[in-house]
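Engineer: Letter by letter, the first sequence follows residues -6 to 600 in this note's numbering.
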Amino acid sequence: MLRRSDSVGDAGLGRDDFEIEFFDSEAELLSSLFKTINGYPFVLTFNGDDFDLRYLFNRALKLGFTREQIPIELGRESAGLKYGVHIDLYKFFFNRSIQVYAFGNKYREVTLDSISEALLDTGKLEISASVSRLSYSELASYCLQDSELVQNLTRFDGEVVMKLITALSRISYLPIEDMTRQGVSGWIRSMMFKEHRDRGYIIPRSEEVRNSKGSTSTTAIIKGKKYKGGMVVDPVPGVHFNVAVLDFASLYPSIMKTWNLGYETILCPHPECRKNRVPDTDHWVCTQRKAMESQLIGSLRDLRIKWYKPRSKDRGLSANMLSWYQVVQSALKVVLNASYGVFGADRFSLYCPPLAESVAAVGRYSISNTINEAKRLGIEVFYGDTDSIFLGTPSIGKLEELIQWSKTKLSMELEVDKSYRYVALSSRKKNYLGVQDDNRVDIKGLTGKKRHIPEFLKMTFASLVSILGQVKSPSDFSEARGRISDLVKDSYAKLKSRKYSLDELAFNMMIGKAVGGYTKNTPQHVKAAQQLTKTGTEIKAGDLVSFVKVVTGTGVKPVKLASLQEIDVGKYAEYIRSTFEQVLDALEIDYEELTGAKKLEAFFPGA
DNA sequence: CCGACAGCCCAACATT
DNA sequence: AATGTTGGGCTG
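Written as structure tokens, this is what we have:
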């Protein structure tokens, strides 16, 4: 720490495993820090590219250091070290693929506090004043805590993060410094360019691929998308007992492998290949040459499914080996999942829309033919989405027959992913509740599980889920019905008598753009953000905005500025209803009948 | 130097 | 009041 004339307070840390070293000048402090940095092969930061290393570099220059004396090299968007690898964990955790696939969406906001809270169960230290006003003791504790969080983010769980970084760096053929700063498209570009060089291929320019392969031939279902994607089967509403969920193992990578798909082989120049059509498109695939992507992605797929995935579950291996296999198989999954999508992304250097389109088209072909075959075998089909189908289970033999059929007729590996004691489907797609044989409940897409809804709804919904988890047979539903009814009525009563706190009533929505960036309309979370900005609280893109619905003003208020008295009970009553109706619909339970909702809602004008 | 893809649901907003 | 659009959050 730097001794300052204006600093006050004691210098104790309250910990005997660390002590504070004081410096009388900033130059001495920096010298010592630079010496320390040079002693390590890795330096971890959180936002060091944009702040810490940049700041240190500039302070040093200002204080008269020469560039040789500073162990930092600044790039335009990154900061490197002369000796050692600088990993900016902010950049790595910001990567959507890392966030979603590697960490299962556990952290919401990409801040040190939010990530460490989610992964380490510890957040940043709260401080009593702005950083520049802290006592020696509090400042030191605050900085130490930040440092420990950053380091622990690479240490927890047997150093999974460093293992993941190592695995992804090897798969992508990128140095750790580059891999941790790039998105999946950068990783896959590097991997494919390396393969071009190994084979002596000339790497095409983006516009060369574009001009020779042209564009798409299907129409997307969603306006503004470039081509038609996966197929979603209309669910058969109702409760279905003994349902098996089958899915294709790594569907899109498997399609690229078995259909010889790549930018060179799609729409190839040979006249004789033109009859080798991709179903549901105007495209054809080469019969003369093998596609590099097909082989590369196919091999990675096989490595994952046949080597790393089985070993990640092998009880004979040490914990350390198990975690390595687990990390590699999930790293491969991240890369494989993106390997089709990048060809449909216009910024990808080998962008090839007809290729991406063809992969999705074969996917639809595969699932729809499998569904037809299932029906032909007398198996009921309840639902399906992209690569999965929900089937009745007349007998194990029938499912085996279907799996075998898929292998011989489609060359696709279909497998039983899970089996449900029962599944509740409404008529909504991408919305269901399934109870597994071990009472575990899977909930997909239902409002009750979404992150932005108020805590009180999540809690009530969780209770509903636990009731449904105990249902073993159709006859159990009548008891469950009574308990659900009590649950919902209880929630109404608490709402009406204002027993829920403002925090429990708060919606938490991520604001995707800067507050001023909303020109087309003004959604509620933006209205709340505007009010916060007015009172001096800054709101940036990516922040969570907490607000409640009120009867005053524009109908919403930030939690900080609201009071319990102005809560819009009617609006919340509507939310309880719509959240629960989604599930009850599927169970064929009438909401109004269950709760006597008509009578209840009469208490709330506007409900 | 860099953000993989499409499809679906819901609530609120804007427009007709 | 009916209808289309936007934005967020989700599935795969």
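Ideal placement from N, C-alpha and C gives every residue a C-beta, glycine not left out. Owing to the predicted nature of the structure, the values given are computational and were not obtained by experimental measurement.
Report the start-end ranges of each beta strand (DSSP E) in the stretch 1 to 67 that is 3 residues or longer and not cut off at the edges.
Structural biologist: Here the runs fully enclosed are 35 to 38 and 65 to 67.
Engineer: According to DSSP, is residue 605 helix, strand or coil?
Structural biologist: One cannot answer for residue 605 here, as it falls past the ends of the chain, which runs -6 to 600.
Engineer: Can you tell me whether residue 300 is helix, strand or coil according to DSSP?
Structural biologist: Residue 300 falls in the helix class under three-state DSSP.
Engineer: Quick one: is residue 515 buried, meaning 16 or more other Cβ sit within 10 Å of its Cβ, or exposed?
Structural biologist: Per the 10 Å Cβ criterion, exposed.
Engineer: Do you know whose CA, among 137, 134 and 520, lies nearest residue 549's CA?
Structural biologist: Checked all of 137, 134 and 520; the closest Cα to residue 549 is 520.
Engineer: Can you tell me whether residue 344 is helix, strand or coil according to DSSP?
Structural biologist: Note: residue 344 maps to coil in three-state DSSP.
Engineer: With a cut-off of 8 angstroms, do at least 3 Cβ pairs link the stretch 343 to 351 to the stretch 250 to 267?
Structural biologist: Flag = yes, the stretch 343 to 351 and the stretch 250 to 267 touch.
Engineer: On the CB-based measure, 16 or more other CB atoms within 10 Å of its CB, does residue 54 come out buried or exposed?
Structural biologist: The residue is exposed, with fewer than 16 neighbouring Cβ atoms inside 10 Å.
Engineer: Tell me the rounded alpha-carbon separation between residue 134 and residue 21.
Structural biologist: So the alpha carbons of these two residues sit roughly 21 angstroms apart.
Engineer: When DSSP builds the beta bridges, which residues end up paired with residue 412?
Structural biologist: DSSP, once it has assigned bridges, lists 237 as partnering residue 412.
Engineer: Measure the C-alpha to C-alpha separation of residue 192 and residue 45 and round it to an integer number of angstroms.
Structural biologist: Those two C-alpha atoms are separated by around 42 angstroms.
Engineer: By DSSP's criteria, residue 277 is part of a beta bridge. Which residues make up the other side?
Structural biologist: Answer by DSSP bridge pairing, in chain order: 270.
Engineer: Using only the alpha-carbon positions, how far apart do residue 595 and residue 438 sit?
Structural biologist: With a pLDDT of 44 at residue 595, under the threshold of 50, the modelled position of that residue is not reliable, and no figure is offered here.
Engineer: One question on the structure: do residue 579 and residue 419 come within less than 8 angstroms of each other, judged by their Cβ atoms?
Structural biologist: A contact, by the Cβ cut-off of 8 angstroms.
Engineer: Taking a contact to mean a Cβ-Cβ separation below 8 angstroms, would you say residue 565 touches residue 573 in this structure?
Structural biologist: No. Outside cutoff.
Engineer: Applying the criterion that 16 or more other CB atoms from any shown protein chain within 10 Å of the CB defines a buried residue, is residue 194 buried or exposed?
Structural biologist: By the neighbour-count rule (16 or more Cβ atoms within 10 Å), residue 194 is not buried but exposed.
Engineer: Helix or strand or just coil, what does DSSP make of residue 263?
Structural biologist: Looking at residue 263 - three-state DSSP - the assignment turns out to be coil, as it is neither helix nor strand.
Engineer: What residue does the beta strand (DSSP E) around residue 385 start on, and which one ends it?
Structural biologist: It spans 381 to 385 - the beta strand (DSSP E) in which residue 385 sits, taken as one unbroken run.
Engineer: So, using beta-carbon positions, are residue 95 and residue 327 closer together than 8 angstroms?
Structural biologist: Closer than 8 angstroms, so yes.
Engineer: Taking the Cβ atom as the reference point for each residue, do residue 551 and residue 498 lie within a distance shorter than 8 angstroms?
Structural biologist: No, the pair does not count as a contact, with Cβ atoms beyond the cut-off.
Engineer: Could you work out which residue in 547, 507, 554 and 560 is closest to residue 536 when comparing CA atoms only?
Structural biologist: Of 547, 507, 554 and 560, the residue nearest in Cα terms is 507.
Engineer: On the criterion of 16 or more Cβ atoms from any shown chain inside 10 Å, does residue 88 qualify as buried, or is it exposed?
Structural biologist: Looking at its Cβ environment, which holds 16 or more other Cβ atoms inside 10 Å, residue 88 is buried.
Engineer: Figure out for me which residue from 13, 130, 139 and 85 has the closest Cα to the Cα of residue 176.
Structural biologist: Of the listed residues, the one whose Cα sits closest to residue 176 is 85.
Engineer: Give the secondary structure of residue 224 by DSSP, where H, G and I count as helix, E and B as strand, and everything else as coil.
Structural biologist: Residue state, collapsed to three classes: coil.
Engineer: When you compare the CB positions of residue 509 and residue 534, do they come within less than 8 angstroms of one another, or not?
Structural biologist: The answer is no: Cβ separation not under 8 angstroms.
Engineer: Pairs of beta-carbons, one from the stretch 237 to 245 and one from the stretch 366 to 385, closer than 8 angstroms: are there three or more?
Structural biologist: The stretch 237 to 245 vs the stretch 366 to 385: in contact.
Engineer: Shortest alpha-carbon distance to residue 404 belongs to which of 347, 246, 322 and 560?
Structural biologist: That would be 246, whose Cα lies nearest to the Cα of residue 404.
Engineer: The alpha helix (DSSP H) that contains residue 246, what's its start and end?
Structural biologist: Segment 244 to 251, the alpha helix (DSSP H) holding residue 246.
Engineer: Cβ atoms of residue 434 and residue 458: under 8 angstroms apart, would you say?
Structural biologist: Contact flag set, yes.
Engineer: Please give me, in chain order, every unbroken run of the beta strand (DSSP E) with length at least 3 that falls completely inside the stretch 479 to 514.
Structural biologist: Qualifying beta strand (DSSP E) stretches, in chain order: 500 to 503.
Engineer: Should the stretch 70 to 82 be regarded as contacting the stretch 24 to 43, the criterion being three or more beta carbon pairs within less than 8 angstroms?
Structural biologist: Yes, they touch.
Engineer: If you measure between the beta carbons of residue 587 and residue 436, is that distance less than 8 angstroms?
Structural biologist: Not in contact: residue 587 and residue 436 (Cβ atoms no closer than 8 angstroms).
Engineer: Please name the residue, chosen from 442, 56 and 325, that lies closest to residue 165 on a Cα-to-Cα basis.
Structural biologist: Ranking the options by Cα distance to residue 165, first place goes to 325.
Engineer: State the CB to CB distance for the pair residue 371 and residue 400, rounded to an integer number of angstroms; the pair is presumed to be in contact (CB under 8 angstroms).
Structural biologist: Contact flag wrong, Cβ pair sits at about 20 angstroms.
Engineer: What are the residues that DSSP puts in a beta bridge with residue 425?
Structural biologist: Paired residues: 418 and 437.
Engineer: For the pair the stretch 266 to 274 and the stretch 284 to 303, tell me if three or more CB-CB distances fall below 8 angstroms.
Structural biologist: Because the criterion of three Cβ pairs below 8 angstroms is not met, the stretch 266 to 274 and the stretch 284 to 303 do not touch.
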